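Enquirer: Anchor point for the sequence shown: position 123 equals 123 in our numbering, and the numbering is continuous, going up by one each time. Let me begin by handing over the structure; questions about it come next.
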Amino acid sequence: MRYAAQKGTRDILPEEIYKWHKAEKMFADVCHSFGFEEIRIPTFEQTDLFQRGVGDTTDVVTKEMYTFDDKGGRSITLRPEGTAGVVRSYIENGMSSLPSPVRLFYNITAFRYEKMQKGRYREFHQFGLEAFGATGPSIDAEIISVVDVFFKRMGLANIKLCINSIGCPECRKQYNELLKDYFRPHIDTMCEDCKARFERNPLRMIDCKIDGPKEVVQNAPRLINHLCDECRAHFEGLKSELDALDIKYEIDPNIVRGLDYYTRTVFEFVSENVGSQGTICGGGRYDGLVGLMDGPATPGIGFAMGVERFLLEAEAQGIDLGKPQYVKVYFAAMSDEGKNKAMKICHDLRLAGIGCEQDVADRSFRAQMKYAGKQGIPYLVVLGDDELASGIVKVKCMEDGQETEVKIDDLKTFLEGK
Ligand code: HAM
1 MRYAAQKGTR DILPEEIYKW HKAEKMFADV CHSFGFEEIR IPTFEQTDLF
51 QRGVGDTTDV VTKEMYTFDD KGGRSITLRP EGTAGVVRSY IENGMSSLPS
101 PVRLFYNITA FRYEKMQKGR YREFHQFGLE AFGATGPSID AEIISVVDVF
151 FKRMGLANIK LCINSIGCPE CRKQYNELLK DYFRPHIDTM CEDCKARFER
201 NPLRMIDCKI DGPKEVVQNA PRLINHLCDE CRAHFEGLKS ELDALDIKYE
251 IDPNIVRGLD YYTRTVFEFV SENVGSQGTI CGGGRYDGLV GLMDGPATPG
301 IGFAMGVERF LLEAEAQGID LGKPQYVKVY FAAMSDEGKN KAMKICHDLR
351 LAGIGCEQDV ADRSFRAQMK YAGKQGIPYL VVLGDDELAS GIVKVKCMED
401 GQETEVKIDD LKTFLEGK
């Protein structure tokens, strides 16, 4: 029987992995340049962490989690996102005693049982970050500018930033009543999910993805117009900080985000190139989450970017992510003695960090030359009897055909500059 990758999973093959490396390195570099440090969290956590953290009225928790009992009878879930795990780690490792803000970034796989489509997988990757301990809008602007700097340094342009505020528990309490009054006469026409949301989490009803009475949802009051004074001031503060950074944005009152922990600022970077939902990166503030998880009351904010979607966008924008040539030089040998010498030379060069190859497949001399050409290795050295006797080789540049005589002992110095 031939096996196939599971639905919603994909192999990342050598022909594309270099793009991942480039994006991963740039994301880490950009995060470091803001003072963020990397955290690695486990792939699975106890199920309850996500039920409580992400919220048990969300689609992610009710429909999409990979949950199973392990052999010890514990309910385990493959992380559907990174925030809950990072918050758990922040609390468990006593990071609240560190100077704030505590800035953490991550590069993770995540798992959601979703319908496969362009830009949507069951195993996918996220670049993300979380910042703990800062209350004012400056940190909101800072993390948005992390995404802005990352996109720009990767060469991407024109990705739309949409921002919104979904208020704090105080303003939301009043707004929820308003929303319920609005939806009550229409409740019979709403989908089953929305009927359940009506009591438990009416805000989620304006994010209904099911074909229903669209105009009812469209005309529903939006929280941005019912913020309390403090939430409004926070939002105004964010807008002026973004203006000062010259980061363009649109206010989109429809963004409520699919996870329950958000308060105040929410934002998404969107593009038409990455599939029907179009969100490359989403995030926001979660001032109640650390407390909800029984940690010390601490404000937090973060985002996650779908790496697959980011790469789709980069491709659509024609960004050349430049495949690196790790192997610089090929040693083609005419005899067994030459092959032995090539092996030793390669070993020494690799110790110095220089990529090189020699034959390990018992190829003829001609076949070795053909192989080196096919691989596009930029320099070629032939080891024949003369070269072995003299200890001097000709290094041929395959691009312009130029040959340079170099002592075998000097190869390292010569190649280092190439
Ligand atoms: P999220 O909006 O659920 O937020 O996911 C963030 C990003 O992950 C999305 O914008 C999308 O690019 C990508 N993504 C989500 N689901 C899939 C999928 N099935 N296939 C491919 N890509 C996907 C979070 O996960 C929050 N933890 C973000 C956050 C961090 N908020 C605060 N801190």
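Ideal Cβ positions, reconstructed from N, Cα and C, are used throughout, including at glycine. In this text, all values refer to a predicted model and were calculated from it rather than measured experimentally.
Can you say whether Gln368 is buried or exposed, counting buried as having 16 or more other CB atoms within 10 angstroms of its CB?
Expert: buried
Enquirer: Ends of the beta strand (DSSP E) at Leu380?
Expert: 379-383 is the span of the beta strand (DSSP E), which, as asked, contains Leu380.
Enquirer: Under a three-way DSSP split, which group does Ala110 fall into?
Expert: strand
Enquirer: For Met305, which beta-bridge partners are listed by DSSP?
Expert: DSSP output for Met305 lists Phe127, Cys281 as bridge partner(s).
Enquirer: Out of Asp69, Tyr113, Ile108, Glu92, which has the shortest C-alpha to C-alpha gap to Val61?
Expert: Tyr113
Enquirer: For Lys394, report the span of its beta strand (DSSP E) as first-last.
Expert: Its beta strand (DSSP E) spans residues 392-397.
Enquirer: Any chance the CB of Thr298 is under 8 Å from a heavy atom of the ligand HAM?
Expert: no
Enquirer: With a threshold of 8 Å, establish whether the CB of Glu114 neighbours any heavy atom of the ligand HAM.
Expert: Proximity of the beta carbon of Glu114 to the ligand HAM is indicated: a heavy atom of the ligand is located closer than 8 Å.
Enquirer: Can you have a look at Asn107 and say buried or exposed, based on whether 16 or more other CB atoms are within 10 angstroms of its CB?
Expert: buried
Enquirer: Buried or exposed: which applies to Arg204, given that a residue is buried once 16 or more other Cβ atoms fall within 10 Å of its Cβ?
Expert: buried
Enquirer: Checking 9 Å against the spacing of the C-beta atoms, do Thr265 and Leu238 come in under that value?
Expert: yes
Enquirer: When DSSP labels each residue in this structure, what does Cys356 get in the three-state scheme?
Expert: Look at Cys356 here: in three-state DSSP terms it is strand.
Enquirer: Grab me the residues of Asp70's own chain with a C-beta within less than 8 Å of its C-beta, minus the 5 sequence neighbours each way, in chain order.
Expert: Ile76
Enquirer: Does at least one heavy atom of the ligand HAM sit under 8 Å from the Cβ of Met293?
Expert: No.
Enquirer: Consider the C-beta atom of Ile280 and the heavy atoms of the ligand HAM; say whether any pair is separated by less than 8 Å.
Expert: yes
Enquirer: Which of the three DSSP states is assigned to Cys208 in this structure?
Expert: coil
Enquirer: Taking only heavy atoms of the ligand HAM into account, decide whether any of them is closer than 8 Å to the Cβ of Tyr121.
Expert: yes
Enquirer: Using only the heavy atoms of the ligand HAM, determine whether one of them is closer than 8 Å to the beta carbon of Ile301.
Expert: yes
Enquirer: Return helix, strand or coil for Asp336, following the three-state DSSP convention.
Expert: helix
Enquirer: Check whether the Cβ of Gly284 lies closer than 8 Å to any heavy atom of the ligand HAM, and answer yes or no.
Expert: yes
Enquirer: Report buried or exposed for Arg74, applying the criterion of at least 16 other Cβ atoms within 10 angstroms of its Cβ.
Expert: exposed
Enquirer: Over what stretch of residues does the alpha helix (DSSP H) that includes Asp48 continue unbroken?
Expert: 47-53
Enquirer: Sort Val382, Asp320, Asp362, Leu104 by Cα distance to Ile392 and report the nearest one.
Expert: Among Val382, Asp320, Asp362, Leu104, the Cα nearest to that of Ile392 belongs to Val382.
Enquirer: State the DSSP-derived secondary structure class of Arg2, mapped to helix, strand or coil.
Expert: coil
Enquirer: Can you find a heavy atom of the ligand HAM that lies under 8 Å from the Cβ of Tyr66?
Expert: no
Enquirer: Is any non-hydrogen atom of the ligand HAM found closer than 8 Å to the C-beta of Met26, if you look at the structure I gave you?
Expert: If you check the C-beta of Met26 against the ligand HAM, you find no heavy atom less than 8 Å away.
Enquirer: Check whether the stretch 344-359 and the stretch 324-335 touch, using three or more Cβ-Cβ pairs below 8 Å as the test.
Expert: Judged by Cβ distances under 8 Å, the stretch 344-359 makes contact with the stretch 324-335, as three or more pairs qualify.
Enquirer: Cβ atoms of Ile345 and Leu411: under 9 Å apart, would you say?
Expert: Cβ atoms of Leu411 and Ile345: closer than 9 Å.
Enquirer: Can you grab the Cα-Cα spacing for the pair Arg309 / Glu38, in whole Å?
Expert: 22 Å
Enquirer: Examine the ligand HAM and report whether any of its heavy atoms sits within less than 8 Å of the Cβ of Tyr262.
Expert: yes
Enquirer: With a CB to CB cut of under 8 Å and the five nearest residues on each side skipped, what residues in its chain are close to Ala196?
Expert: Thr57
Enquirer: Within the continuous beta strand (DSSP E) that includes Asn499, where are the two ends?
Expert: Outside the shown range of the chain, which is 1 to 418, sits residue 499, and nothing can be said about it.
Enquirer: Taking the alpha helix (DSSP H) that Thr83 belongs to, which residues open and close that run?
Expert: DSSP places Thr83 in the uninterrupted alpha helix (DSSP H) bounded by 83-92.
Enquirer: Check whether the Cβ atoms of Thr67 and Thr109 lie closer than 9 Å to each other.
Expert: no
Enquirer: Since Ile144 is in the alpha helix (DSSP H), which residue starts that stretch and which ends it?
Expert: 137-154
Enquirer: For the alpha helix (DSSP H) that Asp243 lies in, which residues bound it at each end?
Expert: 229-244 is the extent of the alpha helix (DSSP H) around Asp243.
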